[in-house]
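Position in the sequence shown (from 1) plus 137 gives the number in the working numbering.
Input: a single structure, listed below in structure tokens.
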Amino acid sequence: MTHISELVDEATAAASRWKRCSREQALVYACEDIADRECPTRVLDDVRGFVERACLEDDIDVPNIEFLPLQRRCEGLADHTSRTLTFPRRSVPLQVVVHEMSHLLAPVDGHGPLFRHEMVRLARRHAGIEHASLLHSLFRGVGLDVSPWVA
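Dropping the structure here:
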């Protein structure tokens, strides 16, 4: 089993792949990739149904959902002005949906602390404690602020 410090080092190095992103955004993406590799989330065959159920369970207004072609490396988009989530296909990894939902819940935070708090919270509820815990540990390990882990 890989030690968390090795995964943190890997995430720190991997952030350099996102050259057009801020360092904070690149670190978030790198941590997400590693968390999803080590504790994979399922692929949702019914994104719309999942989002509707998750929003009802979490007392969140259900956003609009669109399926449209996106730029090559873009797996999803969140537009907080229109409260719309856009995905390039109907089958999407749960982690991508959690990421985009987090943008709607922290619309002015980019990939900052509030966004990461919402992502860990949603991941814990919908992807499982193991995935969320690893994501939280990676964020802290690479030096990104995130709310304390609640037992």
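Where a beta carbon is used, it is the ideal one built from N, C-alpha and C, also for glycine.
Values in this document were obtained by computation on a predicted structure and should not be read as measured data.
Would you mind stating whether T221 and N201 have Cβ atoms separated by less than 8 Å?
Locating residue 221 in the sequence shown gives position 84, where the first residue counts as 1. Locating residue 201 in the sequence shown gives position 64, where the first residue counts as 1. Between T221 and N201, the CB-CB gap stays under 8 Å.
- Kindly indicate which residue of H273, D146, Y166 and L271 has the alpha-carbon position closest to the one of R154. Taking the first residue of the sequence shown as 1, we reach residue 154 at position 17. Here the closest residue by C-alpha is Y166.
Going by DSSP, what residues sit across from L193 in a beta bridge? Taking the first residue of the sequence shown as 1, we reach residue 193 at position 56. Beta-bridge pairing links L193 to no other residue.
Check whether the Cβ atoms of L271 and A172 lie closer than 8 Å to each other.
Start at 1 with the first residue of the sequence shown, and residue 271 comes out as number 134. Start at 1 with the first residue of the sequence shown, and residue 172 comes out as number 35. The beta carbons of L271 and A172 sit closer together than 8 Å.
### Message
Going by DSSP in three states, L207 sits in which element: helix, strand or coil?
### Response
The sequence position of residue 207 within the sequence shown is 70, counting from 1. L207 falls in the coil class under three-state DSSP.
task = Within 10 angstroms of the Cβ of R174, are there 16 or more other Cβ atoms? Answer buried if so, exposed if not.
result = The residue given as residue 174 occupies position 37 in the sequence shown. When all chains shown are included, R174 counts as exposed.
Nearest by alpha-carbon distance to R190: which of V287, A288, R277 and H263 is it? Walking along the sequence shown from the start, residue 190 turns up at place 53. The shortest C-alpha separation from R190 is found at H263.
Next item on the list: Return the Cβ separation of F290 and R179 in integer angstroms, given the expectation that the two are a contact with Cβ distance under 8 Å.
Entry: A query on residue 290 cannot be resolved here, the shown segment of the chain reaching from 138 to 288 and no further.
- Item | As assigned by DSSP and simplified to three states, the class of P285 | Taking the sequence shown and counting its residues from 1, the one referred to as residue 285 is at position 148. In the three-state scheme derived from DSSP, where H, G and I count as helix and E and B as strand, P285 is classed as coil.
* In whole angstroms, what separates the C-alpha of V184 from that of V145? -> Within the sequence shown, numbered from 1, the residue matching residue 184 stands at position 47. Within the sequence shown, numbered from 1, the residue matching residue 145 stands at position 8. C-alpha separation (whole angstroms): 30 Å.
### Query
What is the residue span of the alpha helix (DSSP H) that A152 lies within?
Counted from its first residue, the sequence shown places residue 152 at position 15. First-last for A152: undefined, no H or E at that position.
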